[in-house]
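Participant:
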Amino acid sequence: MSWTQLGYSFAGVIALALIARWLRLGESRIASVAQAREAAEQMLAGFVAHDAVIGTDGGAALVAGNGTIAVLKRHGARIAARRLIAPLALSQGIEGVRIETGERLFGSVLLFGVTDAEVRAIEASAGRPRDVVVTLH
Amino acid sequence: MELPDPVPYAVPGFIALVLVEMVVARLRDRTRYEPRDTLTSLLLGLGSTLAGALSVGLVYAMALWVWQFRLFDIGYQWYWFVLAFVLDDLSYYVFHRSAHRVRWFWASHVIHHSSQHYNLSTALRQTWTGFVSMGFIFRLPLFLIGFPPAMIFFVAGLNLIYQFWIHTEVIDRMPGWFEAVMNTPSHHRAHHATNPRYLDTNYAGVFIVWDKMFGTFEPERADDRPHYGIVKNLGSFNLLWAAFHEWIGIAQDVWRAPGLRAKLGYLVMPPGWSHDGSRDTSETIKAQWRVRLDGMADGKNTDGVR
C-alpha cells in the first residue's frame, strides 16, 4: 500500500462518516422505563430488573436489579451497560446526578434531571431482600 | 503463477454498497448507522489493511516454507481452484470457531464484534493483531496438502469479499435453497448477536453447511431479535481501546493469576473464563438464560420475588 493509496483511503473513510452525519443517522434515546429495564436484562446476564429511573434527555438510565444496579448510557444509537453495586459513587450537579462507573473509557454517566433521592431509591430497591413483595411499574 | 489480490478490486463496490445502505437506513431506520461507530469501523478497517500489508511478506514466506513439504503437486486447473475455495472455507470455519473459543485468538477477533451496530461498515471492522495472534496457522495444512500459496491467498480474498455483503439488516431472508447451503445475512446476524441463544453459533464464512455438520448452527428467529456487540460492550469509540482492550485484559489477568495453570487458562480457555469461576462465559450465560426460560414456562419469577 502506497502513501497515496493510504491518503485516498483515509479521505474516503472521513467522507463516509461525514455522509452518515449529514444524513442524520444514529439519532436515538432511552425513551421509557420499560425500554431501560428490557435493555438491562438483555445486556447483563442474570439481571432481573425492578424499578428504574431515566434521564429526562434520554441519555442514561439507572435500573435496580436483583442485588445489583445497572447503569445504562446511550452509546451511539445503542445502549451500553455496566453492573454496579450499591452504594454508588455519585455527585449531584445542576444538570442531574453523575454516576461513576470506575472505568475510565466507559466514563461517568450523567442522569440528566434526576435527583440524588431518586438514585438512593433505586439503590434501596436493588438492595431489597429477594423474598419481599415487589411491585413492578 | 501470479494471481491478483481480488480485494482491492472490490473496494469501490464496498463503498458504493455502504452508501446505498446508509440511504436505506435514512429512509427506514436511522439507528442502523451511527457516524462515530461508522468512523471507528472504517478506521479499524484501514488499520487492519496497514497491519496486513506489514505482515503479508512473512506470512507468504511461511506458507512457501510449509509448501516445500507438500504431499501432492497441485496445478492451476480450474477444479483445483474450486476445491481450494471449499477447503479454505473449511479452514476458515475452524479458525473462526477457535477465534470465539480460545481467548488468545478472541483477543484479535473481538474487534470485528465490538460494534453494537450491524451494517456493511461493520464488515470492514477488522483486526490489527491477526499476525500476532497467529490466526494464519489454520491455513497451513492447505499448503502441506499441496495447494500453492498463491492459489490459497487468491481464494481467501474471494472468501473475504463474499463475507462483506452478509453484514446487513437490509436483507431479511434469501431463497430457501440459498439459506440451506450458504452463509447469509440472517445466519450471520445470529452470529453477531449477544442473545444467549445465539452465542457461539454460525461460524461459517461462505458455506453454512459447516455449522450444520459440526453442530454449531442456530437459525435466526423473529421472536428473538439479535442484539449486536459483545457480552461486555465497550461503551467507547476509542480506536486504540477497541483494537487492544482484550490483549490488555489478558495481560492483566495473566499478571494477577495465581500459578502457572491459571495463567495458561487466561490465554487458552474460552473468553470469560476465570480461575475462580467469578466471570460469565457463554456457557454460564446460556445456563442462566435456560433457567429463566424454564422459570417463565413454569410461571415462576426467577428472581425469587413473589
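Protein sequences appear in the order of chains A and B.
Under the working numbering, the first residue of the first sequence is numbered 1, with each subsequent residue one higher.
Under the working numbering, the first residue of the second sequence is numbered 138, with each subsequent residue one higher.
Glycine included, C-beta positions come from ideal geometry on N, C-alpha and C.
Could you name the residues of chain A that A190 of chain B contacts, counting a contact when the two beta carbons are closer than 8 Å?
Facilitator: M1
Participant: For the alpha helix (DSSP H) holding S9 of chain A, just list the boundary residues, first then last.
Facilitator: 3-22
Participant: Who are Q92 of chain A's beta bridge partners in DSSP?
Facilitator: A:V97
Participant: On the three-pair Cβ rule with 8 Å, is the region 43-50 of chain A touching the region 103-111 of chain A?
Facilitator: no
Participant: With distances taken Cα to Cα, identify the nearest neighbour of P286 of chain B among B:D225, B:R165, B:T259.
Facilitator: B:D225
Participant: Put A434 of chain B into one of helix, strand or coil per three-state DSSP.
Facilitator: helix
Participant: Below 6 Å CB to CB, which residues in the same chain sit around S245 of chain B once its five sequence neighbours on both sides are set aside?
Facilitator: T264, T266, G267, S270
Participant: What residues in the region 10-31 of chain A bring their beta carbon closer than 8 Å to a beta carbon of chain B?
Facilitator: F10, G12, V13, I14, L16, A17, L18, I19, A20, R21, L23, R24, L25, G26, E27, S28
Participant: Roughly how many angstroms separate the alpha carbons of D210 of chain B and R82 of chain A, rounded to a whole number?
Facilitator: 55 Å
Participant: Could you check if D360 of chain B is buried or exposed, using at least 16 other CB atoms within 10 Å of its CB as the buried criterion?
Facilitator: exposed
Participant: Quick one: any contact between the region 349-358 of chain B and the region 313-330 of chain B, if contact means 3 or more CB pairs under 8 Å?
Facilitator: yes
Participant: For L105 of chain A, which residues in chain B fall below 9 Å Cβ to Cβ?
Facilitator: L371, G372, S373, N375, W378, H382
Participant: What residues from chain B crowd round G175 of chain A, counting only those whose CB sits closer than 7 Å?
Facilitator: Only positions 1 to 137 of chain A appear in this structure, which leaves residue 175 of chain A out of reach.
Participant: For Y216 of chain B, count neighbouring Cβ atoms within 10 angstroms of its own Cβ and tell me buried if that reaches 16, exposed if not.
Facilitator: exposed
Participant: Whole-angstrom Cβ separation of L261 of chain B and S178 of chain B, contact assumed at under 8 Å?
Facilitator: Yes, L261 of chain B and S178 of chain B are in contact; Cβ-Cβ is about 6 Å, under 8 Å.
Participant: Start and end of the beta strand (DSSP E) containing L72 of chain A?
Facilitator: 69-75
Participant: For P408 of chain B, count neighbouring Cβ atoms within 10 angstroms of its own Cβ and tell me buried if that reaches 16, exposed if not.
Facilitator: So P408 of chain B counts as buried.
Participant: Following the continuous beta strand (DSSP E) through L195 of chain B, name the residue where it begins and the one where it ends.
Facilitator: Following the DSSP letters along the chain, one finds L195 of chain B in no beta strand (DSSP E) but inside the alpha helix (DSSP H) bounded by residues 172-204.
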